[in-house]
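Residue numbering for the sequence shown follows the working numbering, beginning at 35 and increasing consecutively.
Notes for the one structure printed next.
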Amino acid sequence: MTEIYQSDRIDEAAQQLRDGQLVAFPTETVFGLGAIANNDQAVQSVYQVKGRPSDNPLIVHLAHKEDLFAYVRDLTPDQVSWVKKLQEAFWPGPLTLILPVKEGVFAPTVTGGLDTVGLRMPDHPLTLELIEAVGFPLVGPSANLSGKPSPTKLDHVRHDFDGKIAGILASQPTRIGVESTVLDLSDPRGLFILRPGQIGKAQIEGVLDGVKVSYPDQLTVAADDQPKAPGMKYRHYSPHETVYAVAAERMAEVIQANTDKAIFCAGQEASLAGLPPVAQTYSLGPSLETATQRLFDALRKADDSQDIDLILVEWIDAGEASAGYQNRLLKASSQVFA
Ligand code: TXA
Ligand code: MG
35 MTEIYQSDRI
45 DEAAQQLRDG
55 QLVAFPTETV
65 FGLGAIANND
75 QAVQSVYQVK
85 GRPSDNPLIV
95 HLAHKEDLFA
105 YVRDLTPDQV
115 SWVKKLQEAF
125 WPGPLTLILP
135 VKEGVFAPTV
145 TGGLDTVGLR
155 MPDHPLTLEL
165 IEAVGFPLVG
175 PSANLSGKPS
185 PTKLDHVRHD
195 FDGKIAGILA
205 SQPTRIGVES
215 TVLDLSDPRG
225 LFILRPGQIG
235 KAQIEGVLDG
245 VKVSYPDQLT
255 VAADDQPKAP
265 GMKYRHYSPH
275 ETVYAVAAER
285 MAEVIQANTD
295 KAIFCAGQEA
305 SLAGLPPVAQ
315 TYSLGPSLET
325 ATQRLFDALR
335 KADDSQDIDL
345 ILVEWIDAGE
355 ASAGYQNRLL
365 KASSQVFA
């Protein structure tokens, strides 16, 4: 049975984690699947229960900024200064930093054989309290089965893992809705954003006074290549039915071209008004923020609906602010009508 822990039972949840059990926890981005990061068996069961390939490393979640320095090694003066500035500006918050990992501090499977580790301090009071109570950092991949949209609600975690993990720390739907920005500070060639998120390149560069940050040339690579971010080679967020990403101006046209299909259409409030009738609509709310927050819920709703043949999700282009939204929607989509 999977226990639902309310905020008054954090100590019990922490005890489970210390005993090597898995407890999912909320963050500001998505829910994470927690295990104590120094117990290799516990960490291995995270991969197992998610169905996650063992070469896709896990992010380690810290309760305090300064803890980072206990887990990394041989930082250059530049790296130290970048870390301090970025922590000051963005932690706790949705920014994961990749740095050379100190040997032996984490269970070997945490890093999937790499000599670097991803670290972040989540912006969620209950989870910070949980990590504190455990007394050691927690690994926390998104708490979804591999290939499913990341969980932004308690019910999503339950849907994927009920009966398979010890517990879930309960909370409201997560505020941001897409996973953290992953920034690689370990590459001598420069600073790279391996996964776009709410914190963008311009914001990061702004904090690092003039240091250049880049996106790698390709954000996805063939499965047999060695990608910079191991997670990038896997297709994510794939509902069973076909997904098209469709700009608001083209939604009516795409609906009209598919009148033989039962369509699930997710769009911003204003975009849904006045469309030709479809089998099911889903409101992404009034703004890019609400759309980002609800995107995974929309994909899950569509996936769970019987009798849907085609899923249309509004393509939103708001420059870099929409990079995280676009990246996740692209991974789910087979075509873009922009
Ligand atoms: O917002 C988030 O980051 C959520 C919440 C729960 O904190 N966690 C999350 O974890 O998204 P996960 O495991 O689903 O995604 C981690 C990503 C993967 O793409 C992985 O390949 C990359 O970070 N990653 C982890 N460690 C890495 C490393 N040492 N080098 C390069 N990429 C790494
Ligand atoms: Mg994930």
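From the three backbone atoms N, C-alpha and C, an ideal C-beta is built for every residue, glycine too.
Sub-9 Å separation of residue i and residue j beta-carbons
i: T276; j: I345; result: yes
i: D89; j: G147; result: yes
i: A48; j: A167; result: yes
i: V135; j: D157; result: no
i: Y359; j: K335; result: no
i: L333; j: P183; result: yes
i: I165; j: L67; result: no
i: A58; j: I202; result: yes
i: G85; j: G197; result: no
i: F103; j: V117; result: yes
i: A204; j: I38; result: yes
i: L242; j: K365; result: no
i: L322; j: L363; result: no
i: N361; j: P230; result: yes
i: I44; j: L160; result: yes
i: E239; j: P128; result: no
Rounded distance between the beta-carbons of residue j and residue i, thought under 8 Å
i: L109; j: L133; result: 7 Å
i: V77; j: T143; result: 5 Å
i: I297; j: A313; result: 6 Å
i: P91; j: G54; result: That pair is no contact at about 20 Å.
i: V247; j: L225; result: 5 Å
i: G211; j: T130; result: The Cβ separation is near 16 Å, so there is no contact.
Among the options, the one whose alpha carbon lies nearest that of residue i
i: P222; options: F59, Q360 and D112; result: D112
i: T208; options: F195, V64 and K84; result: V64
i: I70; options: R362, L242, Q340 and Q50; result: Q50
i: Y376; options: A372, L225, A355 and H190; result: The chain is shown from 35 up to 372; residue 376 falls before or after that span and cannot be answered.
i: K187; options: T61, G240, V347 and P159; result: T61
i: I342; options: N361, H274, M285 and E354; result: H274
i: L309; options: H98, Q369 and V280; result: V280
i: E163; options: A286, H98 and L329; result: H98
i: V94; options: N73, P87 and L306; result: N73
i: Q121; options: L363, K295, S339 and L219; result: L219
i: S367; options: A307, V347 and A123; result: V347
i: A307; options: R328, M285, R154 and L322; result: M285
i: D338; options: F124, T324 and D194; result: D194
i: E100; options: P126, D351 and S214; result: P126
i: A141; options: F124, S79 and G244; result: S79
i: V106; options: R154, V245, Q75 and F124; result: R154
Beta-bridge partners of residue i, as assigned by DSSP
i: V370; result: A279
i: R284; result: None; R284 has no bridge partner.
i: I151; result: Reading off the sequence shown, one finds Val at residue 151, where the question assumed Ile. Bridge partners of V151: L133.
i: F124; result: DSSP, once it has assigned bridges, lists no residue as partnering F124.
i: H95; result: R154 and L172
i: G301; result: S317
i: V247; result: L225
i: A69; result: V173
i: Y39; result: L203
i: F7; result: The question about residue 7 has no answer, for the chain in this structure spans 35 to 372.
i: I345; result: V277 and F298
Quick check: the region 316-326 against the region 290-305, are there 3 or more CB pairs under 8 Å?
-> Counting Cβ pairs under 8 Å, three or more are found: they touch.
Within the chosen definition, does the region 234-242 reach the region 160-174 through at least 3 CB pairs nearer than 8 Å?
-> With the rule of 3 Cβ pairs closer than 8 Å, the region 234-242 does not count as touching the region 160-174.
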